Amino acid sequence: MRFDWSVVWHNAGALAEGVELTLLLAVTTMVISIPGGIILALMRLSNVRALSAASAAFVELFRNLPLILVVYTAYYVMPVTTGLNLSALATGIVALSLNVSAYNSETFRAGIASIRKGQTEAAYALGMGRWQTLKEIVLPQAIRRVLPVLASTWVSLFKDTSLVSVISVGELAYTSMRIRAQTFRVLEMLTAMAAIYWLLGYPQAKLVDWINRRYGVKE
Amino acid sequence: MDLDFTPVLDSLWYLLGGLELTLALSVLTVACSLLLGGALGLARCYGPAWLRWPIVFYIDSMRAVPVLVVLVWSYFALPIVTGWVLPPFWAALVALSAHISAYVAEIVRAGVTSIRVGQTRAAFALGMSRRQTVRTIVLPQAIVRMLPAFGSILSITIKDTAIAAVIAVPEYMNRSQTVAGQSFHPLEVCTVAMAVYFVILFPVTRVVDMVYVRLAHLGRS
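Those protein sequences? They're chains V and B, same order as listed. Each residue of the first sequence is one higher than the one before, counting from -10 in the working numbering. Each residue of the second sequence is one higher than the one before, counting from 21 in the working numbering.
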């Protein structure tokens, strides 16, 4: 068996574009899902029964579905049910955001719950409002506890962006598999794809381990 | 809008066959990952020093690469390197186990290192051998602490088997795609698929949460 690795160099430009789109997907999803997660967490913690139940239902639903099914459903069903005609890229971002928002909401809820109630009560005793207490007392502390978990979610998200390749979004996985199909250099292209993901993902995984050691909550 | 579930009902046995494969692949993957991951985790903690860095490298690499990439590589590229052509189901089992055992190994390591060093020292002071200490002192406590995380592994595995649809393993996700494509009723087929996965996964996550609450005190030392 002879291998021809030049196919990787010939398509370096396309692969770089794929990497760019992978990063764009991950960043956009995270930018949407952090506020999304905060809103869902606040809804869950609110005293209004309907808000809390709606948030719980959303979170439990998306935590208990395979992401690839959500991606596929968003692509084939969302245009029919909502009348929205989004591009494949936008659809991918919607599907990823639904999933990551659900996880982020649980992260924020745990972070907020980890700040003892006495602090909120003390803030109320000092005459601070509900919103002010949340903004100035609870959230600044919760964020420190939430950061390591968000970092782990980021790494998972970075890997999960590969799943939107099933709806033909031209990110790294899709681009590599497209070039594989065009050139028949199966081993070379798939190995290049794995190597690029590894080069991007390995330092991130190591960085997350460091953040966890540095900021992780200890007993 | 009118919902028409007849395409799903017409393909009921076909879809149920897919569900069977999803469950079989999940159970086999979890079993293989527990064995392989357990061995890797213990080798990392107690094995010879020269064995540790390749294991750490393997675990971190698997954590860095998407499971889709591992699946596609195992199915399309591995036969070119090794000459063994695996059917999709077995290629998926190999790929998913290779990926998930890295996570299992991390859980095992976290469980073992969470047992304070003083206990091992005390066992040595009482004249117990290394093997005996690990088997009778460290592992019984560590395994209790690992249980909730193993539960999450089960739900992660069931979700990851859906990705095997990409390499044409005829499991539930793949067969749903086929039925949706042939019947032109993706809305109904996807709704049923979401319900099926939710009905399987929700009890798993719930039971894991309950087990966690019930067992949390047993893991204290």
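Glycine included, every Cβ here is placed at the ideal spot set by N, Cα and C. These numbers were taken from a predicted model, which means no experiment stands behind them.
In three-state DSSP terms, what is residue i?
{"i": "A188/B", "result": "coil"}
{"i": "I104/V", "result": "coil"}
{"i": "L116/B", "result": "helix"}
{"i": "S157/V", "result": "coil"}
{"i": "S149/B", "result": "coil"}
{"i": "S76/V", "result": "coil"}
{"i": "R234/B", "result": "helix"}
{"i": "R(-9)/V", "result": "coil"}
{"i": "E208/V", "result": "Annotation note: pLDDT 43 at E208/V (below 50); position unreliable, coordinate value reported separately. Note: E208/V maps to coil in three-state DSSP."}
{"i": "M117/V", "result": "coil"}
{"i": "G171/B", "result": "helix"}
{"i": "S203/B", "result": "helix"}
{"i": "G103/B", "result": "coil"}
{"i": "N201/V", "result": "helix"}
{"i": "D24/B", "result": "coil"}
{"i": "K35/V", "result": "Position check: residue 35/V holds Ser in this sequence, whereas Lys was assumed. It is coil, neither helix nor strand."}
{"i": "F47/V", "result": "helix"}
{"i": "S18/B", "result": "No answer is possible for residue 18/B: it lies beyond the span of chain B, which begins at 21 and ends at 241."}
{"i": "F218/B", "result": "helix"}
{"i": "N0/V", "result": "coil"}
{"i": "R174/V", "result": "coil"}
{"i": "N88/V", "result": "helix"}
{"i": "N93/V", "result": "helix"}
{"i": "N194/B", "result": "helix"}
Just to make sure I have the definition right: I need the residues of chain V whose C-beta is within less than 7 Å of the C-beta of residue i. Which are they?
{"i": "P206/B", "result": "Y65, V66"}
{"i": "R83/B", "result": "A194"}
Answer with yes or no whether the minimum CB distance from residue i to chain V is below 8 Å.
{"i": "A144/B", "result": "The question names Ala, but residue 144/B is Phe in the sequence shown. No, its Cβ sits nowhere closer than 8 Å to a Cβ of chain V."}
{"i": "I173/B", "result": "no"}
{"i": "M193/B", "result": "yes"}
{"i": "D80/B", "result": "yes"}
{"i": "Q197/B", "result": "yes"}
Using a cut-off of 8 Å between C-beta atoms, extract the partners of residue i located in chain V.
{"i": "S183/B", "result": "Rather than Ser, the amino acid found at residue 183/B in this sequence is Ile. Those within 8 Å of I183/B in chain V are P55, I57, L152."}
{"i": "A97/B", "result": "V175, L176, L179, T180"}
{"i": "C65/B", "result": "The premise fails here: C65/B is roughly 17 Å from chain V at the closest Cβ pair, so nothing lies under 8 Å."}
{"i": "A200/B", "result": "Y65"}
So residue i and residue j are supposed to be a Cβ contact under 8 Å. How far apart are they, rounded?
{"i": "T62/V", "j": "M214/B", "result": "7 Å"}
{"i": "R167/V", "j": "V(-4)/V", "result": "Contact flag wrong, Cβ pair sits at about 12 Å."}
{"i": "T42/B", "j": "I120/B", "result": "About 15 Å; that fails the 8 Å criterion."}
{"i": "V124/B", "j": "G67/B", "result": "16 Å between Cβ atoms; not a contact."}
{"i": "N88/V", "j": "V59/V", "result": "6 Å"}
{"i": "A84/B", "j": "G190/V", "result": "3 Å"}
{"i": "V90/B", "j": "A118/B", "result": "6 Å"}
{"i": "L54/V", "j": "Y217/B", "result": "5 Å"}
{"i": "L85/V", "j": "T18/V", "result": "4 Å"}
{"i": "A140/V", "j": "I104/V", "result": "A140/V to I104/V, Cβ: 20 Å. No contact."}
Mind listing the chain B neighbours of residue i? Cutoff is C-beta to C-beta under 7 Å, in chain order.
{"i": "T62/V", "result": "C210, M214"}
Return the first residue and the last residue of the alpha helix (DSSP H) that residue i is part of.
{"i": "S134/B", "result": "Careful: S134/B lies outside any alpha helix (DSSP H) and carries neither H nor E."}
{"i": "T142/V", "result": "128 to 149"}
{"i": "V89/B", "result": "87 to 92"}
{"i": "W73/B", "result": "69 to 84"}
{"i": "A63/V", "result": "56 to 65"}
{"i": "E40/B", "result": "32 to 66"}
Mind checking if residue i is an interface residue toward chain B, Cβ cutoff 8 Å exclusive?
{"i": "R202/V", "result": "no"}
{"i": "R52/V", "result": "yes"}
{"i": "W187/V", "result": "yes"}
{"i": "E49/V", "result": "yes"}
{"i": "G190/V", "result": "yes"}
{"i": "A183/V", "result": "yes"}
{"i": "K210/V", "result": "Missing from the structure shown is residue 210/V; chain V here goes from -10 to 208 and no further."}
{"i": "K106/V", "result": "no"}
Give the residues of chain B in contact with residue i, contact being defined as C-beta atoms less than 9 Å apart.
{"i": "A162/V", "result": "P86, L88, V89, V92"}
Listing by chain order, which chain V residues have their CB less than 9 Å from the CB of residue i?
{"i": "V186/B", "result": "I57, L152, S154, V155"}
Can you list the residues of chain B that residue i reaches, using a CB-CB cut of under 8 Å?
{"i": "A166/V", "result": "In the sequence as displayed, the identity of residue 166/V is Met instead of Ala. By Cβ distance, chain B contributes V92."}
The region 215 to 229 of chain B: positions lying closer than 7 Å to chain A by Cβ | Among the chains of the structure shown, chain A does not appear; the protein chains present are V and B.
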